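Asker:
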Amino acid sequence: MDTQKYSVMKRIISLLVALALAVGVFVQSANAQVTVTGSTGANATYTTLKLAFDAINTNTNQNGNNIVITITASTTETASASLTGQATNAWTSLKIYPTTTGLSISGNLAAPLIDLSGADNVTIDGRVNQTGNADLIITNTSTAITAGTSTIRFISGAINNTVKYCTITGSEMATASGVIFFSDSGPNSNNTIQYNNITCAADGSRPLNAIYSAGASGSNNSTNTISNNKFYDFLNRGVASNGIYLANYNSNWTISGNSFYETASFIPSAAVAYNIINILPSTGTTFTIQGNYIGGSAASCGGTAWTKTSAQDNAFKAIYLSTPTGGTASSIQGNFIQNFDYSNLGSATTNWTAIEVAGAGDVNVGTATGNTIGASTGNDNIKFNRAYHQSQFLGISISGTGTVDCEKNIFGSISAAAVVLTTGPSICLISKGGSAGNTTISNNSIGSLTTAQSIRATTAITAGTGDVIGINSNGTGTVTISGNTVTNLYNNAATYGRYTQGIYCNTVA
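Going by our numbering, the sequence shown opens with residue 913, and the numbers climb by one from there.
1) Mind checking whether T1265 and A1329 have CB atoms under 7 Å apart?
2) Distance check for T1051 and S986, CA to CA, integer angstroms please.
3) What residue ranges within the stretch 1265-1313 form continuous beta strand (DSSP E) runs of no fewer than 3 residues, ordered along the chain?
4) Where in the stretch 996-1026 do unbroken runs of the beta strand (DSSP E), each at least 3 residues long, occur, reported from the N-terminal end onward?
5) Could you pull the start and end residues of the alpha helix (DSSP H) that F1146 belongs to?
6) Could you tell me how far apart the beta carbons of A1272 and N1226 are, in whole angstroms, since I believe they sit closer than 8 Å?
7) Mind checking whether G1203 and G1246 have CB atoms under 7 Å apart?
8) Fully enclosed by the stretch 953-1003, which alpha helix (DSSP H) runs are 4 residues long or longer?
9) Which term fits D1047, buried or exposed, when burial requires 16 or more other beta carbons within 10 angstroms of its beta carbon?
10) Start and end of the beta strand (DSSP E) containing D1037?
11) Distance, Cα to Cα, T952 vs G976?
12) Can you grab the Cα-Cα spacing for the pair I1358 / G997, in whole Å?
13) Can you look up C1078 in the DSSP assignment and give me helix, strand or coil?
14) Report, in whole angstroms, the separation of the C-beta atoms of Y1077 and N1108, which I expect to be a contact under 8 Å.
15) Counting beta carbon pairs with one atom in the stretch 1346-1358 and one in the stretch 1388-1407, are three or more of them shorter than 8 Å?
16) Quick one: what's got a C-beta closer than 6 Å to N1102's C-beta in the same chain, skipping five residues either side?
17) Taking the straight line between their C-alpha atoms, what separation do you get for M1085 and V1091?
18) Reducing DSSP to helix, strand and coil, say where A1211 ends up.
19) Please work out which residues of its chain come closer than 7 Å, Cβ to Cβ, to A1128, disregarding the five sequence neighbours upstream and downstream, and give them in chain order.
20) Please list, in chain order, all residues of the same chain as K1320 whose beta carbon is under 6 Å from its beta carbon, the five residues on each side excluded.
21) Cβ atoms of N1190 and N1154: under 7 Å apart, would you say?
22) In terms of residue numbering, what span does the beta strand (DSSP E) encompassing V946 cover?
23) Along the chain, which unbroken stretches of the alpha helix (DSSP H) at least 4 residues long are found entirely within the stretch 1222-1253?
24) With DSSP run on the structure shown, which of helix, strand or coil describes N1041?
25) Could you tell me the boundaries of the beta strand (DSSP E) in which N1403 lies?
26) Once the 5 residues before and after D1253 are set aside, which same chain residues still bring their CB inside 6 Å of it?
27) Looking only at its chain, what residues have a beta carbon closer than 7 Å to the beta carbon of V937, apart from the 5 residues adjacent to it on each side?
28) Bridge partners of I1138, per DSSP?
29) Going straight from the alpha carbon of Y1144 to that of I1138, what length do you get?
30) On the criterion of 16 or more Cβ atoms from any shown chain inside 10 Å, does A1405 qualify as buried, or is it exposed?
31) Could you tell me the boundaries of the beta strand (DSSP E) in which I1057 lies?
32) Measuring CB to CB, does A1122 end up less than 7 Å from I1110?
33) How many Å lie between P1180 and G1116 at the Cα?
34) Where do the ends of the beta strand (DSSP E) carrying N1052 lie?
35) Leaving out the 5 sequence neighbours to the left and right, which residues in its chain are closer than 6 Å to N1297 when beta-carbon positions are compared?
36) Rank S1222, A1223, G1214 and N1164 by C-alpha distance to the C-alpha of T1195 and give the top, closest one.
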């Protein structure tokens, strides 16, 4: 035998074997982005989450199964990954999580990217092997105005599901949708959204709602929890938009421990309104808004100020709650609204409001743990700059007809300035408007005990309005004002008839 030829042949065979193994590994990797275990009939590997969901949907006898779907490589979804619920023989649990860092589930769909359609007991956990920090990115880059466009949708009675530790991004442009969307045909209830990063898919295409929910008549979306998430860079620059928007047919939601902020200067391109937590169902009561942080450029109102530099007039409400009568009183407790530098420099009436209570429902504001607007010491934690004389800085505005108990809230380190000397700034920390309803305003701290000019209008205006008022009661109904501390209010206005008042009452019982 020719030894040299044998050696060459051996090397060729070795190379071919190695190449075959490499190709096999490559093919296996390319087809193994999603692995299903613990199911009946669907255990396999798939190239997309949609295909994995389709296989589970097809095998309807999942009785008692604890299904696990692992994401081992990034997927691109070309159609909605829709997981349908099973009325009988349903799984006990279904978990989805990544097995390595840096993975994504993405698509560009004028539809939901992930659709939990009547699916129950599903957990999407973005941590690698369910430990550590948020890692998995779930993103729908579509800017479609098409109804239903979203990154994750709950629909058709999706119950007891959890989405946690993910970065969830989207750019939906439908007014009745959201990056996370709780739809009608429910109820879609007992779901939890927690420890996620929720933001835009691209800074140039921000969504209209980070979270949106609207139920249906007779089936409210209820008892859902939005907690400990970071919402950032989520407001659209040219269209009215919201952080969390709960419309009709919602009840008994808990919104707690979340942070809402802008990582860089925010420059709107149109005179549109912004609401961070916006709750106004005509049906549905009993909401808890607790321990949230609104402001700054980082979580917990940290970093530099949330700065709005545009000359556009943009009305702003950090928390807005309007509910009908009935149910247990809603609760707004222990929220922090601080670290703003906000300018409205046009010619329209555009107020900056920290908390507004409207509607006919009963509400407790700060009765257990007071809300902090600004800071208890220092100056200029919140700065409001404006041009039009009828615009105001409002701390807590009470305009509803229900029973409202407003206690233990803290106001300080707030300033308002005017860019035109004939149009001064107005500040009112607690305002009871011209509507009926029994209101208690007690034990609130308005202004710092240790910082001079804690709440101040800084411009020496020569005409127009420019009042600084601690508590203003100007409506009907029974209003009780007691035990409040009002101190270190300052008004630099030089105009006759401009007021600096601790408490002003013009209420007709």
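No residue lacks a Cβ here, since even glycine has one placed at the ideal position from N, Cα and C.
Note that the coordinates shown come from a computational prediction; the quantities given were computed from them, not determined experimentally.
Answerer: Working from what's here:
1) no
2) 11 Å
3) 1275-1277, 1284-1286, 1294-1298 and 1304-1310
4) 1005-1010 and 1016-1019
5) Here F1146 belongs to no alpha helix (DSSP H), and DSSP marks it neither H nor E.
6) With a Cβ gap of about 28 Å, A1272 and N1226 do not count as contacting.
7) yes
8) 961-970
9) buried
10) V1034 to D1037
11) 10 Å
12) 52 Å
13) coil
14) Taking the Cβ atoms as the reference, Y1077 lies roughly 7 Å from N1108, within the contact range of under 8 Å.
15) Three or more beta-carbon pairs separated by less than 8 Å link the stretch 1388-1407 to the stretch 1346-1358, which places the two stretches in contact.
16) I1071, N1072 and T1135
17) 10 Å
18) helix
19) D1096, S1097, G1098 and Y1161
20) In its chain, beyond the 5 residues on either side, G1278, G1282 and N1355 have a beta carbon closer than 6 Å to the beta carbon of K1320.
21) yes
22) V946 to T949
23) none
24) helix
25) L1401 to N1403
26) A1217, T1219 and K1295
27) With a pLDDT of 36 at V937, under the threshold of 50, the predicted position of this residue should be treated as unreliable, and no value is reported.
28) I1105 and I1167
29) 15 Å
30) buried
31) It is not in any beta strand (DSSP E) - I1057 carries neither H nor E in the DSSP assignment.
32) yes
33) 12 Å
34) I1049 to N1052
35) S1255 and A1329
36) N1164
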